[in-house]
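All letters in the sequence shown, in the order written, are residues 26 to 294 by the numbering used here. C-beta atoms are modelled at their ideal positions from N, C-alpha and C, and glycine is treated no differently.
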Amino acid sequence: MSTTVADTTAAPAAALPKVTLHWLEQSRSQRILWLLQECKGIDLQIKTYKRGSDMLAPAELKSIHPLGKSPLVTVEVAGQTKPLVLAESAAISEYLTDNFAQHLAPAKYAAGQEPTVGLESESWTRYRFFMHYAEGSLMSLLMVKLFMDQIKNAPQPFFIKPITRTITGRVDDAYLTENYATHFSFLNEQLTTSPDNGAFLTGAQLTAADILLSYPLVAAKGDNMDFSKYPKLSAYIDSLANHPGFLASVKRIEELTGETFVASPRGRK
Numbered sequence: 026m027s028t029t030v031a032d033t034t035a036a037p038a039a040a041l042p043k044v045t046l047h048w049l050e051q052s053r054s055q056r057i058l059w060l061l062q063e064c065k066g067i068d069l070q071i072k073t074y075k076r077g078s079d080m081l082a083p084a085e086l087k088s089i090h091p092l093g094k095s096p097l098v099t100v101e102v103a104g105q106t107k108p109l110v111l112a113e114s115a116a117i118s119e120y121l122t123d124n125f126a127q128h129l130a131p132a133k134y135a136a137g138q139e140p141t142v143g144l145e146s147e148s149w150t151r152y153r154f155f156m157h158y159a160e161g162s163l164m165s166l167l168m169v170k171l172f173m174d175q176i177k178n179a180p181q182p183f184f185i186k187p188i189t190r191t192i193t194g195r196v197d198d199a200y201l202t203e204n205y206a207t208h209f210s211f212l213n214e215q216l217t218t219s220p221d222n223g224a225f226l227t228g229a230q231l232t233a234a235d236i237l238l239s240y241p242l243v244a245a246k247g248d249n250m251d252f253s254k255y256p257k258l259s260a261y262i263d264s265l266a267n268h269p270g271f272l273a274s275v276k277r278i279e280e281l282t283g284e285t286f287v288a289s290p291r292g293r294k
């Protein structure tokens, strides 16, 4: 089941690109809504989708993109024969930022610096890295934890449960615990050394990379992971969860769906 809701804008909608977010419940599409609400000069529409009883995305998403995943964004402008379809969170974010939210990307070169390969600003190189780190290294780790939790907590005969708990416990000890420590230490250090002593990972200003990271990090903290050893990271996550843009996106989707939004690693594509 899906629902479509349009934004009202000051300019005539026909004069603006119509950008539609295909938002799936319990998925990573919430951060794309935050990003879209930061965009300028678009006619924003939101189409919401419910998961089936099997918790998978509805088949109708495959009519938009063959993979049938969320988030998906479609862009419609005069002269097209069919809408432009954007998939994959980082690719969506880069396209939207390049075209409608340039203020969410750091300057590629310092003021006065001639464009030269290898002399890009630290803020920009961090930005490009974290745009892809969010879905690559970090989100894949959360997905492993999700699968282990599902195995551990699935209904099982009493004589099987000790076996599955032993297996998942070994994965935790041998892989997850060490890797979480590595990633959280890295992020904490990156915040400590942020350019211009900024509160964000790329410097003093919020970027699309911070928005992309909001989902896995807020979800991780909401899943009762221990951040006591990482004070900078803990404060950063809290700042994202309380950012006016994040809160506005949550309010918007709760008004559309009538349901409480919770960022959780249990949200799937």
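Residue range of the beta strand (DSSP E) that includes residue i
| i | result |
| --- | --- |
| A112 | L109 to A112 |
| Q230 | Premise fails: Q230 is in no beta strand (DSSP E) and is neither H nor E. |
| T73 | D68 to Y74 |
Span separating the alpha-carbon of residue i from that of residue j
| i | j | result |
| --- | --- | --- |
| N222 | G228 | 7 Å |
| R293 | M80 | Its pLDDT being 42, under 50, R293 is placed unreliably by the model, and nothing is read from it. |
| S264 | E145 | 28 Å |
| H268 | T122 | 19 Å |
| I236 | Y120 | 14 Å |
| K276 | G66 | 22 Å |
| R76 | G93 | 12 Å |
| W59 | F286 | 13 Å |
| P220 | G104 | 43 Å |
| T33 | E214 | For T33, the pLDDT reaches just 41, beneath the cut-off of 50, and the residue's location in the model is therefore unreliable, leaving the point undetermined. |
| P140 | N249 | 45 Å |
| T218 | L212 | 10 Å |
| Y134 | L216 | 21 Å |
| A130 | W149 | 7 Å |
| P256 | A266 | 15 Å |
| Y261 | N124 | 27 Å |
| S78 | S88 | 20 Å |
Residue i (DSSP reduced to helix, strand or coil)
| i | result |
| --- | --- |
| E50 | coil |
| V142 | coil |
| E284 | coil |
| L166 | helix |
| L41 | coil |
| V98 | strand |
| L81 | coil |
| L272 | helix |
| K294 | Bear in mind that a pLDDT of 44 at K294, under 50, signals an unreliable position, so the number given afterwards is only what the model happens to contain. Three-state result, K294: coil. |
| A130 | coil |
| F125 | helix |
| A36 | Confidence at A36 is low in this model, with a pLDDT of 47, below 50, so the placement of that residue is unreliable and no value is reported for it. |
Extent of the continuous alpha helix (DSSP H) run through residue i
| i | result |
| --- | --- |
| V243 | A233 to G247 |
| K257 | P256 to A266 |
| Q215 | T202 to T217 |
| T150 | E147 to Y158 |
| E63 | Q55 to E63 |
Whole-number beta carbon distance between residue j and residue i, since they are thought to touch under 8 Å
| i | j | result |
| --- | --- | --- |
| A159 | L41 | 28 Å between Cβ atoms; not a contact. |
| K43 | E85 | The Cβ separation is near 19 Å, so there is no contact. |
| I117 | V98 | 5 Å |
| F209 | F252 | 7 Å |
| Y152 | T232 | 5 Å |
| L242 | A234 | 12 Å between Cβ atoms; not a contact. |
| A244 | A288 | 5 Å |
| A112 | H128 | In fact, because the Cβ distance is near 24 Å, the residues do not count as touching under 8 Å. |
| Q62 | G270 | 6 Å |
| A132 | C64 | Actually they do not touch by this definition, with Cβ atoms about 19 Å apart. |
8 Å CB neighbourhood of residue i in its chain, flanking five on each side removed
| i | result |
| --- | --- |
| S95 | H47, W48, L49, S52, R53, S54, Y74, A82, L86 and K294 |
| N204 | L166 |
Same chain only: Cβ atoms within 7 Å of residue i, ignoring 5 sequence neighbours per side
| i | result |
| --- | --- |
| P108 | T99, V100 and E101 |
| Y56 | Strictly speaking, residue 56 in this sequence is Arg, with Tyr absent from that position. Excluding residues within five positions, the ones whose Cβ falls inside 7 Å are I236, L237, S239 and Y240. |
| S274 | Q55, L58, W59 and Q62 |
| M164 | P241 |
| L258 | F209, L212, N213, L216 and F252 |
Close beta carbons around residue i, own chain, < 6 Å, minus the five adjacent residues each side
| i | result |
| --- | --- |
| E147 | P220 |
| E279 | F286 |
| A35 | Reliability of the predicted coordinates at A35 is poor, the pLDDT of 41 falling under 50, and the value obtained from them is presented with this limitation in mind. Nothing meets the Cβ criterion. |
Any C-beta of chain B under 8 Å from that of residue i
| i | result |
| --- | --- |
| H47 | Absence of chain B from the displayed structure is noted, only one protein chain being present. |
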